[in-house]
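Colleague: Take a look at the following structure, please.
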Amino acid sequence: MNKKEHQQAFRLLKNLLILVVLFFIVDRLLGLWLQHRFKTVSQGDIKTFAHSITNPTEDIYIYGSSRALHGYDCNAFTKILGFSCFNNGKQNSTILYHEMILKEMLKKHIPKIIILDFAPKELSWGEASNSKTVLANTILPYTIHDTAFAAIARQKFPQEYYKAQLSRLYAYKESIPAMFNTREDGGQEVHGYRPLNGSKVRIQPMNYTNEVEQPDSDAERAFDSFIKTVADKHIRLYVILSPIFVKQYSTTPSIEYAKSILKKYNIPFWNYAFDTTLYKHEYFYDYIHLNAQGARLFSEKIAERIKQYEDSVNTHLH
């Protein structure tokens, strides 16, 4: 290599180094701004997650997917049971997500009651795989400053973790839309609960369980861990299959597995999938989510049953 070629190579290396430094500076500056924005979001998934792991105080916590998020009206539980309530539901999540969030919450607070909304295919491979992605995207912003979440990410999502350490923008990549659009679905959030107004449902229910459900061992282990964790803390747990407007079926592998585990702990499993009162198209926003009217009726029904169950248990204890 002659002198001219050496000079060209040096200039190229110098320019690349400048670009790397500029990228690092811009990435960190934008990361600081996003961090501030992240911490000041007033509602939505970011706020719900932050509340449940940093300052949980409520008596009742509700866990589950979007069916929980849109189907459990906290005001109904407070009105009937006299307990404060927070809806910790999360779009596209499964037990893999909620098992981790539960354990983080219990480090700060022990509620009186936990409700887990269980989906018909909660433990299937496809659902679990999607939930792993949701979990990774949710905790990445916390891995920058929180050693506990950093350890979780290194164990469960090492590639994602190291990318987030290299780039702050990458850490916040899935959170950016939520930072600027906190009023999802056009509904007003109330203690984590997000009502869906109106209905897009036709009169006839749709098919739902035609696909073969592949069990996921990680999801099954997470369910076992969720149940055992709650039982060990002596918290009252209710696992509930909420209403769904699909053609009726008898059971699914996920449901049967859940029943077998719950039976060991003497924990009730309440199946309201095809409850005759609520199995009507006018109570659904779409085929798998209750609208605000349906959620209020369903929540009142569950709260009343919990009240009766709690009164019965207390009577036997005394």
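For the sequence shown, position 8 matches number -9 in this note's numbering, and the numbering has no gaps at all.
Glycine included, each C-beta is placed from N, C-alpha and C at the ideal position.
None of these values were measured; they are calculated from a predicted model.
Return the residue from the list V229, H174, L13 that minimises the CA-CA distance to Y46.
Modeller: Indexing the sequence shown from 1 puts residue 46 at position 63. The option with the nearest alpha carbon to Y46 is H174.
Colleague: Suppose contacts are defined by Cβ-Cβ distances below 8 Å. Is K104 in contact with S237 by that definition?
Modeller: Here residue 104 is taken as the residue at index 121 of the sequence shown, counted from 1. Here residue 237 is taken as the residue at index 254 of the sequence shown, counted from 1. A contact, by the Cβ cut-off of 8 Å.
Colleague: With a cut-off of 8 Å, do at least 3 Cβ pairs link the stretch 32 to 41 to the stretch -1 to 15?
Modeller: Output reads no: the stretch -1 to 15 does not touch the stretch 32 to 41.
Colleague: What span of residues does the beta strand (DSSP E) with Y248 cover, start to end?
Modeller: Looking up residue 248 in the sequence shown gives position 265. Counting along the chain, Y248 falls outside any beta strand (DSSP E), though it belongs to the alpha helix (DSSP H) covering 236 to 248.
Colleague: Can you name the start and end residues of the alpha helix (DSSP H) that Y145 belongs to?
Modeller: Locating residue 145 in the sequence shown gives position 162, where the first residue counts as 1. Looking at the DSSP string, the run of the alpha helix (DSSP H) that includes Y145 is 141 to 149.
Colleague: Under the three-state reduction of DSSP, which class applies to F69: helix, strand or coil?
Modeller: For the purposes of this step, residue 69 is taken as residue 86 along the sequence shown, with counting starting at 1. Strand, per DSSP.
Colleague: Beta-carbon within less than 8 Å of L280's beta-carbon, same chain only, minus the 5 sequence neighbours each way: which residues are those?
Modeller: Stepping through the sequence shown from its first residue, residue 280 is reached at position 297. Cβ neighbours of L280 beyond the five flanking positions: T260, L261, Y266.
Colleague: How about Y270 and F228: are their beta carbons less than 8 Å apart?
Modeller: Taking the sequence shown and counting its residues from 1, one reaches residue 270 at position 287. Taking the sequence shown and counting its residues from 1, one reaches residue 228 at position 245. In contact: Y270 and F228 (Cβ atoms closer than 8 Å).
Colleague: Reducing DSSP to helix, strand and coil, say where P124 ends up.
Modeller: Against the sequence shown, residue 124 aligns to sequence position 141. Helix at P124.
Colleague: Could you tell me the boundaries of the beta strand (DSSP E) in which D100 lies?
Modeller: On the sequence shown, residue 100 is found 117 positions in, with the first residue counted as 1. Per DSSP, D100 belongs to the beta strand (DSSP E) from 96 to 100.
Colleague: Going by DSSP, what residue range makes up the beta strand (DSSP E) through R50?
Modeller: Counting from 1 along the sequence shown, the entry for residue 50 is found at position 67. Element bounds for R50: not the beta strand (DSSP E) but the alpha helix (DSSP H), 49 to 52.
Colleague: For S306, count neighbouring Cβ atoms within 10 angstroms of its own Cβ and tell me buried if that reaches 16, exposed if not.
Modeller: There is simply no residue 306 to check, as the chain begins at -16 and stops at 301 in what is shown.
Colleague: Got a sec, what are the start and stop residues for the beta strand (DSSP E) Y44 sits in?
Modeller: Numbered from its first residue, the sequence shown carries residue 44 at position 61. Segment 43 to 46, the beta strand (DSSP E) holding Y44.
Colleague: Let me check understanding here. Comparing Cα to Cα, which of E287, F69, K247, H272 lies closest to A102?
Modeller: As a first step, residue 102 is located in the sequence shown; it is residue number 119 there, counting from the start. Nearest C-alpha to A102: H272.
Colleague: For D129 and Y232, what's the separation of their Cα atoms in angstroms?
Modeller: The sequence position of residue 129 within the sequence shown is 146, counting from 1. The sequence position of residue 232 within the sequence shown is 249, counting from 1. If you take the alpha carbons of D129 and Y232, they lie about 44 Å apart.
Colleague: What is the rounded straight-line gap between the Cα of N254 and the Cα of K146?
Modeller: One-based indexing of the sequence shown puts residue 254 at position 271. One-based indexing of the sequence shown puts residue 146 at position 163. Cα-Cα distance, rounded: 42 Å.
Colleague: Return the first residue and the last residue of the beta strand (DSSP E) that I223 is part of.
Modeller: Locating residue 223 in the sequence shown gives position 240, where the first residue counts as 1. Segment 219 to 224, the beta strand (DSSP E) holding I223.
Colleague: Taking all protein chains shown into account, do 16 or more other C-beta atoms lie within 10 angstroms of the C-beta of A134, making it buried, or fewer, making it exposed?
Modeller: Counting from 1 along the sequence shown, the entry for residue 134 is found at position 151. Answer is exposed; the Cβ neighbour count stays below 16.
Colleague: Could you have a look at F(-7) and say whether DSSP puts it in helix, strand or coil?
Modeller: Working through the sequence shown from its first residue, we reach residue -7 at position 10. In the structure shown, F(-7) sits in a helix (DSSP, three-state: H, G or I).
Colleague: In this structure, does DSSP put L64 in helix, strand or coil?
Modeller: Mapped onto the sequence shown, residue 64 falls at position 81. Here L64 sits in helix by DSSP.
Colleague: Please state whether DSSP places G169 in a helix, a strand or coil.
Modeller: Reading the sequence shown from its first residue, position 186 is the one you call residue 169. The pLDDT assigned to G169 is 43, lower than 50, so where the model puts this residue is not dependable, and the model offers no usable value.
Colleague: Are the beta-carbon atoms belonging to A202 and L79 less than 8 Å from one another?
Modeller: Along the sequence shown, one-based indexing puts residue 202 at 219. Along the sequence shown, one-based indexing puts residue 79 at 96. Cβ distance < 8 Å, so A202 and L79 count as in contact.
Colleague: Taking C-alpha atoms, which residue in F60, V117, I98 lies nearest to N75?
Modeller: Indexing the sequence shown from 1 puts residue 75 at position 92. Comparing Cα positions, the closest option is V117.
Colleague: I250 and D207: beta carbons closer than 8 Å?
Modeller: Numbered from 1 along the sequence shown, position 267 holds the residue referred to as residue 250. Numbered from 1 along the sequence shown, position 224 holds the residue referred to as residue 207. Cβ distance not < 8 Å, so I250 and D207 don't count as in contact.
Colleague: Relative to the C-alpha of P141, which candidate in S67, I122, E157, L152 has its C-alpha closest?
Modeller: In the sequence shown, counting from the first residue as 1, residue 141 sits at position 158. The option with the nearest alpha carbon to P141 is I122.
Colleague: Please classify F267: does DSSP put it in a helix, a strand, or coil?
Modeller: Taking the first residue of the sequence shown as position 1, residue 267 is located at position 284. Residue state, collapsed to three classes: strand.
Colleague: Can you list, in chain order, the stretches of the alpha helix (DSSP H) that have 4 or more residues and sit fully within the stretch 189 to 216?
Modeller: Correct list: 200 to 215.
Colleague: Would you report the Cα separation of T302 and F66, rounded to the nearest angstrom?
Modeller: Coverage of the chain is limited to positions -16 through 301, which leaves residue 302 absent and any answer about it impossible.
Colleague: For G292, name the three-state secondary structure that DSSP assigns.
Modeller: Here residue 292 refers to the residue found at position 309 when the sequence shown is read from its first residue. Before going on, a small fix: residue 292 reads as Tyr here, not Gly. Looking at Y292 - three-state DSSP - the assignment turns out to be helix.
Colleague: What does DSSP give as the partner residues of W253 in its beta bridges?
Modeller: The residue you call residue 253 lines up with position 270 of the sequence shown. Per DSSP, I223.
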